[in-house]
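Everything in the sequence shown is counted per our numbering, starting at 2 for the first residue and increasing by one.
For glycine and all other residues, C-beta sits at the position ideal for the given N, C-alpha and C.
The next block holds one structure in the form of C-alpha cells; read it before the comments.
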Amino acid sequence: MLLKRLAFLLLISLTLAVCIIVKAPVRGISQTEILWDSWGVPHIYGRDFESLFKAFGWAQTQSHGNSILRLYGQARGRAAEYWGASYLSSDRYVKTMGIPARAQQWYEGQNTEIRRYLDAFAAGINDYAQKHPQEIDETVKVVLPVSGVDILAHLQRVIHFHFLANPQQVASLKTVPMRGGSNAWAIAPERSASGKAMLLANPHLPWSDFYLWYEAQLSAPGMNAYGATLVGMPVLAIAFNDNLGWTVTVNPIDGADIYQLTLKDGGYLFDGKVRPFESETQTITIKQKNGKFLEEQLKIERSIQGVIVARQGDKAFALRVAGLDRPNGLEQLLQMAKATNLKQFEGALEQLQLPLFNILYADRQGQILYLFNGEVPVRATGDWNYWQGIIPGDTSKTLWSKYHDYKDLPRLLNPPNGWLQNTNDPPWTSTFPTLLDPKNYPSYLAPSSLAEASNLLRSQRSIQLIEEADKLSFEEMLARKFSSRLELADRILEYLIPAARLLSNPLGQEAAKVLETWDRQTNADSKGAVLFTLWALTANPSQLFSKPWNENEALSTPTGLADVNNALAILEGVAAQVQLLYGSLDVSWGEVVRLRYGKQDLPASGAPGELGSFRVLDIATTKDERFSVVAGDSYIAAIEFGNPIKAKALTVYGNATQPNSSHVGDQLSLYAGGELRPVWRTRKEVEAHLESRQVF
2 MLLKRLAFLL
12 LISLTLAVCI
22 IVKAPVRGIS
32 QTEILWDSWG
42 VPHIYGRDFE
52 SLFKAFGWAQ
62 TQSHGNSILR
72 LYGQARGRAA
82 EYWGASYLSS
92 DRYVKTMGIP
102 ARAQQWYEGQ
112 NTEIRRYLDA
122 FAAGINDYAQ
132 KHPQEIDETV
142 KVVLPVSGVD
152 ILAHLQRVIH
162 FHFLANPQQV
172 ASLKTVPMRG
182 GSNAWAIAPE
192 RSASGKAMLL
202 ANPHLPWSDF
212 YLWYEAQLSA
222 PGMNAYGATL
232 VGMPVLAIAF
242 NDNLGWTVTV
252 NPIDGADIYQ
262 LTLKDGGYLF
272 DGKVRPFESE
282 TQTITIKQKN
292 GKFLEEQLKI
302 ERSIQGVIVA
312 RQGDKAFALR
322 VAGLDRPNGL
332 EQLLQMAKAT
342 NLKQFEGALE
352 QLQLPLFNIL
362 YADRQGQILY
372 LFNGEVPVRA
382 TGDWNYWQGI
392 IPGDTSKTLW
402 SKYHDYKDLP
412 RLLNPPNGWL
422 QNTNDPPWTS
432 TFPTLLDPKN
442 YPSYLAPSSL
452 AEASNLLRSQ
462 RSIQLIEEAD
472 KLSFEEMLAR
482 KFSSRLELAD
492 RILEYLIPAA
502 RLLSNPLGQE
512 AAKVLETWDR
522 QTNADSKGAV
532 LFTLWALTAN
542 PSQLFSKPWN
552 ENEALSTPTG
562 LADVNNALAI
572 LEGVAAQVQL
582 LYGSLDVSWG
592 EVVRLRYGKQ
602 DLPASGAPGE
612 LGSFRVLDIA
622 TTKDERFSVV
632 AGDSYIAAIE
642 FGNPIKAKAL
652 TVYGNATQPN
662 SSHVGDQLSL
672 YAGGELRPVW
682 RTRKEVEAHL
692 ESRQVF
C-alpha cells in the first residue's frame with residue numbers, strides 16, 4: 002500500500018512538472034508587445050505571427066507613417082489624384098507597368114496564411130493612424146485605409162520597377178547603371194580571430210523615399226530575427242537570428258529587356274505574321290490647385306514581349322521584366338528568417354521568388370555561402386553585352402519565357418581561403434583567387450570580368466582589405482568597414498604629382514604639394530581630399546588610365562595616366578576653384594562635405610565608391626557651396642556567430658522620419674565617429690535601454 006501511495010504521489014508530481022513546463026512559455030507570449038529602445042528600434046514580441054505583423058505595421062507607422070502613406074499612394078497610381086500634377090509622371094509609370102492590377106492578382110495568389118499576415122500589417126498601419134491622428138499629416142490621410150494589396154503594389158514598384166527596371170531606362174530606351182550598391186563580407190572561422198564566422202552587411206542606397214532602411218527585431222513562436230527592411234515592407238530583407246544571418250547586394254543581373262517591334266497594319270510583326278496589340282485605356286485623375294480635378298486618358302498597349310513604353314515612327318518598344326509571375330518574395334524572406342540551419346535556408350532560396358540580389362550568408366556552424374541570386378531568363382542567343390542593348394522583337398528566338406533553376410546559378414559554399422565578398426561586382430570575384438569561372442555559365446548571365454564591375458576600384462579595395470589580414474577580429478572588421486582610403490589615389494598620384502611639379506603653372510605645383518602630403522583618406526580631417534576628389538570626378542575616373550585592367554594583375558590594374566596634359570589642365574582649374582571657394586587648397590574634407598539630416602549638420606568621412614572608398618558616401622552640391630551626402634552607407638550590421646552572438650548595427654540617418662520623433666538623424670553622430678551601436682536582442686538588454694513599452 003505504501004509503495005502504491007508513493008507511486009501515486011510520484012505520478013502526480015511528474016504531471017504537475019509537465020504542466021509547468023508546458024505552460025511556462027505560453028505565459029510569456031500571452032500578449033503582443035513592442036519594446037522601443039533608446040535608439041527608436043522596435044523589439045516586437047508577438048503572441049503569434051498575425052499579431053507580430055500587425056504590431057510591425059503599427060511600429061513602422063509610428064516611425065515613418067507619413068512616408069509610408071505617400072509611398073502606398075504612389076504605388077496605387079493615384080498620387081496625382083491625392084497630391085497634384087507633380088505626381089503625374091509617377092502615376093503614368095505605375096499604371097503603364099500594370100502595378101495596381103497585378104498587385105491584386107498577387108494578393109489573390111498568396112496562400113491563406115500570407116494573406117492574413119499582409120492584412121494584419123495593413124491593419125497595424127490603419128490602427129495607428131486611427132488612434133494617433135495628430136501624428137499623421139492631413140495631406141496623406143486620404144490614402145487610408147491601406148490594404149494588403151497596397152503592400153504588394155509597393156513591393157512591385159520598388160523591386161521590379163526601380164531596382165530591376167527603372168523609369169530612366171524606360172524613358173531613355175537605354176541601359177542605365179543600377180542605382181544603389183552595397184558592401185558585404187562573410188568570414189569563415191579559419192580567417193576569424195575568434196574562430197567564429199562573421200558577417201558584414203552594408204547596403205548603400207539614397208537617403209530618401211522608398212530606399213530608407215527600417216531596423217527592428219521580430220519575435221514570435223518559431224522566430225527571433227533582427228535586421229532591417231525597406232520602409233513599408235512587412236518582412237526583413239537583411240537579418241540574423243540565433244543560428245544564422247544573411248545580407249544582400251544588388252547584383253549585375255539582366256532581368257529587364259527592351260524589344261524593338263516593327264509596326265504593320267495596326268499591329269506588329271512577329272515570326273513573319275502581324276499580331277494585334279492588347280490595349281486598354283485607364284483614367285488618371287489629377288488634383289488641381291483650386292481643389293478641382295481633371296482627368297487624363299492613358300492608353301496602354303502590350304505585345305507578346307510586354308508593355309509598350311515608346312513609339313518612334315514605324316517602331317515600337319516593349320519592356321519585358323522578370324519575376325512578374327513569381328509573387329511569393331515576401332513569403333520566401335519570412336522563411337529565410339525562420340531558418341535554423343543552412344539546409345532550411347537554402348530550401349527557402351531554391352524557390353527563387355526574388356528577382357535579383359546577391360546573397361551572402363554565415364552561421365554558428367561556421368559555414369559561409371555566396372549566391373548570385375535572381376530570376377535569370379533562359380535565353381537562346383546573345384551574351385551580356387548583346388542583352389544590354391535593344392533586342393529585336395520580330396522573332397520568337399529572342400523571346401524568353403523560362404528562368405534558370407537554382408542549380409544553374411553561381412554559388413560558393415565554404416571556399417578554401419575562408420572568405421566571401423561582394424561589392425556589386427560580377428560573381429567571379431566573390432572570393433579571390435577566383436573559384437567561379439564565367440566559362441562554366443551562360444555568357445548572358447553576368448559581365449564576364451571584374452573590369453566590367455560598376456565600381457571596380459571599390460571591389461578591388463574590398464578584396465585587399467580582407468586579404469591584408471591573416472585573421473580578422475570583430476573589431477578589426479568594423480575598423481576596415483570604415484576605411485575611407487581612395488584606391489584611385491594609390492593608382493594615380495605617383496603619375497600625377499611628378500607631372501604637376503614639372504609641367505604645371507604655380508597653382509598646379511602648389512596643388513601637387515598638397516596631394517603629396519595628403520593621407521589619401523577622405524576622413525573629416527583629411528587635407529587634400531577635396532582637391533583630389535573634385536579633380537577625379539571632373540576628369541571622369543573611368544577614362545583616366547593608360548593601362549587597362551587585366552586578369553593577371555587583377556587587383557592592381559587599371560593604372561597609369563592616359564592624358565597628362567588634360568589631367569594637369571583639370572588640376573589647375575580645380576585648384577583655382579577650391580582656392581576661390583574655400584580659401585585654401587588644403588581645406589579639410591569635413592569642412593566641405595557635410596552629413597545633413599534632420600537637424601544634424603556634421604563633418605563627413607567617406608567618399609563615392611567609384612573612387613575606391615569602402616566607406617561610401619555619394620554627394621551633391623548645396624546652395625552654400627558645400628557638398629551634402631545624399632546616398633551611400635545607410636544600414637550597417639556586423640555579426641559574429643559565437644555563443645552568445647555578438648552584433649553591432651547602425652541605421653545611419655536614424656530609425657524615423659516622423660517630424661515629432663527624436664530619432665530623426667540621432668545616429669548620425671555615431672556614424673561620423675566611425676562607430677556602430679551594440680545590438681540589444683534579449684529582453685533583459687532591451688529593458689535596460691527601454692524608451693517605452695506598448696502592449697496589444
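- Judged by DSSP secondary structure, LEU466 falls within the alpha helix (DSSP H) whose first and last residues are 457-468.
- Put simply, the backbone Cα of ALA221 is about 28 angstroms away from that of LEU357.
- Rounded to the nearest angstrom, the gap between the Cα atoms of LEU457 and PHE122 is 40 angstroms.
- Taking all protein chains in view, the Cβ of PHE294 is surrounded by fewer than 16 other Cβ atoms within 10 Å, so the residue is classified as exposed.
- Within the same chain, Cβ atoms closer than 6 angstroms to the Cβ of HIS44 are found at LEU36, GLN218, VAL687, the five residues on either side in sequence being excluded.
- Shortest Cα-Cα distance from LEU400 to any of PRO411, ALA323, VAL565, LEU331 involves ALA323.
- Going by DSSP, ILE640 is part of the beta strand (DSSP E) stretching over 636-641.
- PRO43: member of the beta strand (DSSP E) spanning 43-46, first to last residue.
- In the DSSP assignment, HIS65 falls within the alpha helix (DSSP H) that extends over 50-76.
- Counting the other Cβ atoms within 10 Å of the Cβ of SER209 gives fewer than 16, which makes it exposed.
- Per DSSP, ASN359 is one residue of the beta strand (DSSP E) stretching across 359-364.
- Contact between the segment 62-82 and the segment 128-140 is present: three or more C-beta pairs spanning the two stretches fall below 8 angstroms.
- The beta carbons of ALA525 and TRP420 sit no closer together than 7 angstroms.
- The Cβ atoms of VAL141 and ARG71 lie closer than 7 angstroms to each other.
- Under the three-state reduction of DSSP, ASP491 is assigned to helix.
- Assignment of beta-bridge partners to GLU216 by DSSP yields ALA229.
- In the structure shown, HIS205 falls within a strand segment according to DSSP collapsed to helix, strand and coil.
- Take the alpha-carbon of ASN441 and the one of GLY375: they are about 18 angstroms apart.
- Scanning ALA648, SER397, ASN661 for the CA closest to the CA of ALA202 turns up ALA648.
- Per DSSP, TRP37 is not a residue of any alpha helix (DSSP H); the beta strand (DSSP E) it occupies stretches across 34-38.
- The DSSP-derived three-state label of TRP84 is helix.
- Following the DSSP letters along the chain, one finds ILE369 inside the beta strand (DSSP E) bounded by residues 369-373.
- The beta carbons of LEU174 and ILE259 sit closer together than 7 angstroms.
- For THR683, no alpha helix (DSSP H) run applies, since DSSP gives it neither H nor E.
- Rounded to the nearest whole angstrom, the CA to CA distance from ALA86 to GLN289 is 7 angstroms.
- Per DSSP, reduced to three states, the secondary structure at TRP550 is coil, with no helix or strand assignment.
- DSSP places PRO439 within a helical segment (H, G or I) once states are collapsed to three.
- Residue pairing of ARG597 in beta bridges, as defined by DSSP: ASP602.
- Distance check between GLN75 and each of ASN225, VAL143, ILE464 places VAL143 closest, using alpha-carbon atoms only.
- Of the candidates VAL251, VAL653, ALA570, VAL653 places its Cα closest to the Cα of GLY599.
- Boundaries around GLY246 are those of the beta strand (DSSP E), 245-250, since no alpha helix (DSSP H) includes it.
- ALA198 is positioned such that its CB atom lies closer than 7 angstroms to that of ILE369.
- Residue state for ALA189 is assigned as coil, using DSSP reduced to three classes.
- Inside the segment 248-324, DSSP marks whole beta strand (DSSP E) runs of 3 or more residues at positions 257-265, 268-271, 274-277, 279-288, 294-303, 308-313, 316-322, from first to last along the chain.
- Annotation: ASN567 to GLN461 spans about 26 angstroms, alpha carbon to alpha carbon.
- Contact annotation: LEU451 and ASP426 have beta-carbon atoms nearer than 7 angstroms.
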